[in-house]
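Read the structure below first, then the notes.
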Amino acid sequence: MYRGTLTNQRVRSTSTAYEASLTASHPWDVRWVTLALGLGAGVLLNRQEFETQGSAPSRTSTEPFAFVLASVTHELTTRMFLRLEARALCHFARVQERATSAPNLDVAIRGRGTLLLGAFPDAH
0 MYRGTLTNQR VRSTSTAYEA SLTASHPWDV RWVTLALGLG AGVLLNRQEF
50 ETQGSAPSRT STEPFAFVLA SVTHELTTRM FLRLEARALC HFARVQERAT
100 SAPNLDVAIR GRGTLLLGAF PDAH
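Per numbering that gives the first Met the number 0, the very first residue in the sequence shown carries number 0; after that it's consecutive.
And the structure:
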């Protein structure tokens, strides 16, 4: 879940986004690390609410996306690991410039990095 707010002299906007995705990846054990490459796809559900003196109804939108990922995992102990993951994402969004205009398709490319410290459920 992601949450953000925007406030200016005319409006206060709150956005809450939920994301779900599926990933297929292939790992390779190389010396003391595991490398993995993968592809994935998902959808972002975005809920926007507005506070203003004018009329601005709340709205909900969906945004499909696809991504490629690469990760490096290192076992710290038999139960703990450290993973560095990078994703390049391509989002497909409908953008509406004005309340009276038709939405246009917009494509956005972004990157995301994650550092994860985790534990295996059982010693392996």
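Even glycine gets a Cβ: it sits at the ideal position worked out from N, Cα and C.
Just so you know, these numbers come straight off a predicted model, no measurement behind them.
Those residues which DSSP pairs with residue i across a bridge
i: residue 121; result: The partner list for residue 121 (beta bridge, DSSP) is empty, contrary to what the question assumes.
i: residue 101; result: For residue 101, which the question treats as bridged, DSSP gives no partner whatsoever.
i: residue 39; result: 22, 66
i: residue 45; result: 16, 60
i: residue 50; result: 11
C-alpha distance - residue i paired with residue j, whole-angstrom precision
i: residue 45; j: residue 3; result: 11 angstroms
i: residue 48; j: residue 13; result: 5 angstroms
i: residue 11; j: residue 75; result: 46 angstroms
i: residue 81; j: residue 90; result: 28 angstroms
i: residue 97; j: residue 21; result: 33 angstroms
i: residue 73; j: residue 51; result: 50 angstroms
i: residue 110; j: residue 56; result: 31 angstroms
i: residue 31; j: residue 118; result: 17 angstroms
Assumed close pair residue i, residue j - CB separation to whole angstroms, cut-off 8 angstroms
i: residue 42; j: residue 62; result: 7 angstroms
i: residue 107; j: residue 92; result: 6 angstroms
i: residue 0; j: residue 19; result: Incorrect: roughly 11 angstroms between the Cβ atoms, too far for contact.
From the options, residue whose alpha carbon lies closest to that of residue i
i: residue 78; options: 116, 10, 108; result: 116
i: residue 70; options: 37, 0, 108; result: 37
i: residue 23; options: 40, 32, 7; result: 40
i: residue 34; options: 54, 83, 96, 113; result: 83
i: residue 104; options: 16, 31, 64, 54; result: 64
i: residue 99; options: 32, 60, 54, 59; result: 54
Coarse secondary structure for residue i, derived from DSSP in three states
i: residue 14; result: strand
i: residue 55; result: coil
i: residue 113; result: strand
i: residue 81; result: strand
i: residue 75; result: coil
i: residue 31; result: coil
Near the ligand MN: residue i beta-carbon under 7 angstroms from a heavy atom
i: residue 110; result: Of the ligands one can find in the structure shown there are none, so the ligand MN has no counterpart to examine.
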